[in-house]
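Have a look at the structure below, then the notes.
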Amino acid sequence: MRTVLFLAFLACAGCGSRRGAGDADGDGDVDADAGSDADSDTDSDTDSDSDTDSDSDADSDADSDSDSDSDSDSDSDGDADACDDEDGDGYRCLAAGGDDCDDETGSTYPGAEEVACDGVDQDCDGVDSPADLDGDGFDCAEAGGPDCDEGSRFIHPGVLEVGCDGIDQDCDGADWLDADLDGFDCEERGGDDCNDRVWAIHPGAVEIGCDWTDQDCDGEDLVDWDGDGFDCEAVGGADCDDGDPGVNPEARELDPIVDLVDADISVGESSMAIGEDGTIFLAYASSDDDLVVATDEGLGWSFERPGKCVEPRMALDAGGSIHLSCRYFELRYFTNAGGAWELETPDADINAGMPSAIALDEAGQPHIVYGHGLSHVLSIATKVAETWISEPIADDSGIYPAWIAFDGAGARHVGFVRFSLFTGVRYASDATGSWVVEDVDSDGVSRWTAFTLDSADVPQAVYTSGGGLVPVARAAREDDIWSSEVIDPRGSANWGPAVAADGATLHAAYYDPDDDDLRYARNDGAGWTAATVGSSEDRGWYVSMAVAPDGVVHLAFHDQHDRDLYHAVITAPPDGIDEDCDGLVW
635 MRTVLFLAFL ACAGCGSRRG AGDADGDGDV DADAGSDADS DTDSDTDSDS
685 DTDSDSDADS DADSDSDSDS DSDSDSDGDA DACDDEDGDG YRCLAAGGDD
735 CDDETGSTYP GAEEVACDGV DQDCDGVDSP ADLDGDGFDC AEAGGPDCDE
785 GSRFIHPGVL EVGCDGIDQD CDGADWLDAD LDGFDCEERG GDDCNDRVWA
835 IHPGAVEIGC DWTDQDCDGE DLVDWDGDGF DCEAVGGADC DDGDPGVNPE
885 ARELDPIVDL VDADISVGES SMAIGEDGTI FLAYASSDDD LVVATDEGLG
935 WSFERPGKCV EPRMALDAGG SIHLSCRYFE LRYFTNAGGA WELETPDADI
985 NAGMPSAIAL DEAGQPHIVY GHGLSHVLSI ATKVAETWIS EPIADDSGIY
1035 PAWIAFDGAG ARHVGFVRFS LFTGVRYASD ATGSWVVEDV DSDGVSRWTA
1085 FTLDSADVPQ AVYTSGGGLV PVARAAREDD IWSSEVIDPR GSANWGPAVA
1135 ADGATLHAAY YDPDDDDLRY ARNDGAGWTA ATVGSSEDRG WYVSMAVAPD
1185 GVVHLAFHDQ HDRDLYHAVI TAPPDGIDED CDGLVW
């Protein structure tokens, strides 16, 4: 028991005294003198006996340290609690011998997830890493790198800048305010460019109407670009071409003028001629095989019926008198040159005249070319001294249809289709003094053909080539050689085409079997242009054509569906434009 008490006494004496083990004189230092230290130590320990050095003796030195250490060791681990995992992250501070480099932040400790480039060493490995968190090849600015946004791999020096999005993609310190380089800053940054991604859109730019785009940034699209008073179709307007002020619903369309000549007559082939005074003559057959001659002097159509005849062909003499060839169980000839209608029979053969064609020589005498239904011989009848003389042109040559014209030298030119299965277009001329027959095209051509001589007396033929219904072709004979070209891939010459020449301009008309329409084509030397004359079922059969002295082209054609005969005036060349926006292009 005494031993225990003695040890306790020694322990208590040691913890209450600030003297060192060598302080024999009790003056607070280890020297042997009894004087006080000269260091003026003002430490004053606070102890339970209120003396200055926690012992029972009064301090003999001037040490007045007031050490008010109030740290407590609540977990009895021998370390003060203030540095013993103050942030509660399970790691002791460095001062307490631990490895938490920031004991005031719970997210900072060894093994914590490192947040790159935030200036904080979360995992206490001594560095803030990695320096290129987004993997774009550029270190963050916090690590001395040039990457201004380490959270996006699309943001770094050298990347393409996206203008006016509030983001500095290329890390040059600023967002791009004029991305399209049109000289106008974007609206998002106070500019007036309403679309900074298109250089053609900015204040003052040329506005393109009705494209749903505000090119000049005035807040709206231009709905009447051409200024003709009609809004474009794109915004519900009626202007079918808002780029052309000449195109609108009230524009004057130069479409052909079509008028009805005769109704419900079951007419077949017709023939047209125009006098020097502009009077229009039409010859055709009625449903009861009457020959009908219609005349329009500008006040409407008047009609005469000289007699029975079908498939008429017409020519006018210098005085404006009419000469007609046709057939009615024989080859017939009608004329009103004497004032009243007269009938003659150039060939009384019952099979003659399938069909015929007529032309007048310089003396006004008629020449009629025609075929024989049984013998297939192509012949020509000429009236000499009131007598008709007939001679053959070629045997087994053909009959459908015939055409004849005189050139400037008085030579005769004839065109027709080979009769045998209608396999070829043929041409004959007596320019050498005797008839010479040539093949124009023998590749399974159509049943009908049309011929004319142009201003240079070059023969021109229109027909359907290739053995099918389309296309319409044109052939010309120059230097004794026939060459051909396609006029219109939509047309067909199988139902009576027509062709005429006006100076150097060629005109052709024919039927379009795909759309049941009449087509007109024109070539003034710059190539063929074609357009639809009228849109109606089966409109455009058996076309005839004539050019008036003023150069205006006139057509006559049959509407097979309604059994009507129509007359059309081509008021202007086709331009492929629907001027009045009615859906019909001329």
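The opening position of the sequence shown corresponds to residue 635 in the numbering used here, with each subsequent residue numbered one higher.
Beta carbons are placed, not taken as given, at the ideal position from N, Cα and C, and that holds for glycine.
Please read all numbers here as calculations on a predicted model, not as lab measurements.
Contact between the stretch 911-925 and the stretch 1009-1029 is not established, with fewer than three Cβ pairs separated by less than 8 Å. Assignment of residue 1106 by DSSP, reduced to helix, strand and coil, places it in the strand class. Only residues of its own chain outside the window of five on either side were considered, and among them 1110, 1111, 1112 have a CB closer than 7 Å to the CB of residue 1092, listed in chain order. Counting only the Cα atoms, residue 1193 lies some 20 Å from residue 1106.
Straight-line spacing of the CA atoms in residue 1005 and residue 1175 works out to 22 Å. Going by DSSP, residue 960 is part of the beta strand (DSSP E) stretching over 956-961. For residue 1190, the secondary structure class from DSSP, reduced to helix, strand or coil, is strand. Taking a 10 Å sphere around the C-beta of residue 794, we find fewer than 16 other C-beta atoms and assign the residue as exposed. Shown here for residue 767: same chain residues with a beta carbon closer than 6 Å to its own, the five before and five after excluded, namely 750, 784 in chain order. In the same chain as residue 1155, and ignoring 5 residues on each side of it, the C-beta atoms closer than 6 Å to its own belong to 1121, 1122, 1142, 1162, 1164, in chain order. Boundaries of the beta strand (DSSP E) around residue 1026: 1021-1028. When 951, 798, 1019, 909 are compared, the shortest CA-CA separation from residue 995 is found for 951.
Apart from sequence neighbours up to five positions away, the residues of its chain that approach residue 1041 with a beta-carbon distance below 8 Å are 1047, 1065, 1087, 1091, ordered along the chain.
The beta-bridge partner set that DSSP reports for residue 966 consists of 960. Secondary structure note for residue 1174: its beta strand (DSSP E) is the uninterrupted segment 1173-1181.
The beta carbon of residue 752 is closer than 8 Å to those of 762, 776 in its chain, skipping five residues each way along the sequence.
Within the stretch 819-903, the beta strand (DSSP E) runs of at least 3 residues that lie entirely inside it are, in chain order, 891-896. Under DSSP, the beta-bridge partners assigned to residue 1122 are 1106. Residue 811 carries a coil assignment under DSSP once its states are collapsed to helix, strand and coil. Nearest Cα to residue 818 within the set 1209, 805, 832: 832. Taking C-beta atoms under 8 Å as the contact rule, residue 1059 and residue 1095 qualify, at a distance of about 6 Å. DSSP, reduced to helix, strand and coil, places residue 727 within a strand of the structure shown. Residue pairing of residue 1001 in beta bridges, as defined by DSSP: 993, 1016. According to the DSSP secondary-structure assignment, residue 1163 is paired through a beta bridge with 1156. A residue is called buried when at least 16 other Cβ atoms come within 10 angstroms of its Cβ; residue 1115 does not meet this threshold and is exposed.
In the DSSP assignment, residue 939 falls within the unbroken beta strand (DSSP E) covering 935-942. A residue is called buried once 16 or more other Cβ atoms fall within 10 Å of its Cβ, and residue 953, having fewer, is exposed.
In this structure, residue 860 lies away from residue 871, with their beta-carbon atoms at least 8 Å apart. For the 8 Å CB-CB criterion, residue 837 and residue 850 form a contact.
For residue 1061, the uninterrupted beta strand (DSSP E) run begins and ends at 1059-1063, by DSSP. The three-state secondary structure of residue 805, taken from DSSP, is coil.
When only Cα atoms are considered, residue 1052 and residue 1196 end up about 32 Å apart. The beta carbons of residue 1125 and residue 1144 sit closer together than 8 Å. When C-alpha distances from residue 1050 are compared across 1083, 759, 974, the shortest belongs to 1083.
Residue state for residue 758 is assigned as coil, using DSSP reduced to three classes. One Cα belongs to residue 797, the other to residue 772, and the distance between them is close to 22 Å.
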